[in-house]
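In our numbering, the protein residues as written are 93 to 298.
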């Protein structure tokens, strides 16, 4: 009788251990799935950003008297793009943002690093920090779900008189500072790019 009771207890413990092991394995699988999914999302965002940077560089380099260069990865304290024109005596540092959401955010440190560069090259008469936003023609409405919309581009010039904070640009071209987690109206002017001379500013691209 004692033997049977001891055996039953051991079997119960084995079952508990087995169930716990299965739960841990399921948890690990879920964690690996979430990690891989997040990596894929981050990789897709980087690819969108690189494609937009590449597009801007090609647009500038197609113009006579302009040269544009991609400067490095996000881990490097450099602007996304440096643009110069000796003929126009102009220098731009550009942060390029592209995505499928209804707003795109710019961290304050990216503005700071762009300002440092334009303040370094004092020989250029015109020196501007430009934030180039591209809202793709598909809008993310849920995980893995999109709906069609018009593609839009905005080129905002940073105003040195403003306090440097994180800020966002909406699909409608409005800009807002993010202060203590809340939005505050931020007025930034649209800046006509040299490659837009024959186009309407902030045109809506089909």
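Ideal placement from N, C-alpha and C gives every residue a C-beta, glycine not left out.
The model shown is predicted, which means the values in this text are computed figures rather than measured ones.
Query raised in the report: According to DSSP, is residue 152 helix, strand or coil?
Result: As a first step, residue 152 must be located in the chain shown, where it is residue number 60. Residue state, collapsed to three classes: helix.
**Report entry** Where residue 187 sits in the DSSP three-state scheme
**Finding:** In the chain shown, residue 187 corresponds to position 95, counting from 1. DSSP, reduced to helix, strand and coil, places residue 187 within a strand of the structure shown.
Report task. Measure the alpha-carbon distance for residue 261 versus residue 180 and round it to whole angstroms. Result -> For this step, residue 261 is matched to residue 169 along the chain shown. For this step, residue 180 is matched to residue 88 along the chain shown. Distance between the alpha carbons of residue 261 and residue 180: 28 Å.
Query raised in the report: What residue from 264, 258, 251 and 257 has the CA that sits closest to residue 283's CA?
Result: Reading the chain shown from its first residue, position 191 is the one you call residue 283. Nearest option by C-alpha distance: 251.
Query - Alpha-carbon spacing of residue 272 relative to residue 106, whole angstroms - result: For the purposes of this step, residue 272 is taken as the residue at position 180 of the chain shown. For the purposes of this step, residue 106 is taken as the residue at position 14 of the chain shown. For residue 272 and residue 106, the distance between alpha carbons rounds to 52 Å.
Query raised in the report: Within the chosen definition, does the segment 207 to 227 reach the segment 180 to 196 through at least 3 CB pairs nearer than 8 Å?
Result: Cβ pair count under 8 Å is three or more, so yes.
Requested in this report: Could you check if residue 279 is buried or exposed, using at least 16 other CB atoms within 10 Å of its CB as the buried criterion?
Outcome: Taking the first residue of the chain shown as 1, we reach residue 279 at position 187. The residue is exposed, with fewer than 16 neighbouring Cβ atoms inside 10 Å.
Requested in this report: Give the DSSP-derived three-state secondary structure of residue 110 in the structure shown.
Outcome: On the chain shown, residue 110 is found 18 positions in, with the first residue counted as 1. Reduced to three states, the DSSP call for residue 110 is helix.
Requested in this report: Report the option in 156, 109, 264 and 202 whose CA atom is closest to the CA atom of residue 245.
Outcome: Start at 1 with the first residue of the chain shown, and residue 245 comes out as number 153. Selected option, being the one with the closest Cα: 264.
Query raised in the report: With distances taken from CA atoms, which of 182, 111, 253 and 231 is nearest residue 203?
Result: Walking along the chain shown from the start, residue 203 turns up at place 111. Among 182, 111, 253 and 231, the Cα nearest to that of residue 203 belongs to 253.
Query raised in the report: Start and end of the beta strand (DSSP E) containing residue 235?
Result: As a working note, residue 235 is residue 143 in the chain shown. Judged by DSSP secondary structure, residue 235 falls outside any beta strand (DSSP E); it is assigned neither H nor E.
Query raised in the report: Three-state secondary structure (DSSP) at residue 197?
Result: Counting from one through the chain shown, the residue named residue 197 turns up at place 105. Three-state DSSP puts residue 197 in a strand.
Report task. Report all residues from its chain with a CB closer than 8 Å to the CB of residue 230; omit the five preceding and five following residues, and keep chain order. Result -> On the chain shown, position 138 is the one that residue 230 refers to. Correct list, in chain order: 192, 238, 239, 240 and 241.
Query raised in the report: From 194, 147 and 148, pick the residue whose C-alpha is nearest to that of residue 266; which is it?
Result: Translated into the one-based positions of the chain shown, residue 266 becomes position 174. Distance check between residue 266 and each of 194, 147 and 148 places 194 closest, using alpha-carbon atoms only.
**Report entry** Where the beta strand (DSSP E) through residue 287 begins and ends
**Finding:** Numbered from 1 along the chain shown, position 195 holds the residue referred to as residue 287. That residue, residue 287, is in no beta strand (DSSP E); it is neither H nor E in DSSP.
Query raised in the report: According to the neighbour-count rule (16 or more other Cβ atoms, all chains shown, within 10 Å of its Cβ), is residue 215 buried or exposed?
Result: The residue you call residue 215 lines up with position 123 of the chain shown. Around the beta-carbon of residue 215, fewer than 16 other beta-carbon atoms lie within 10 Å, marking it exposed.
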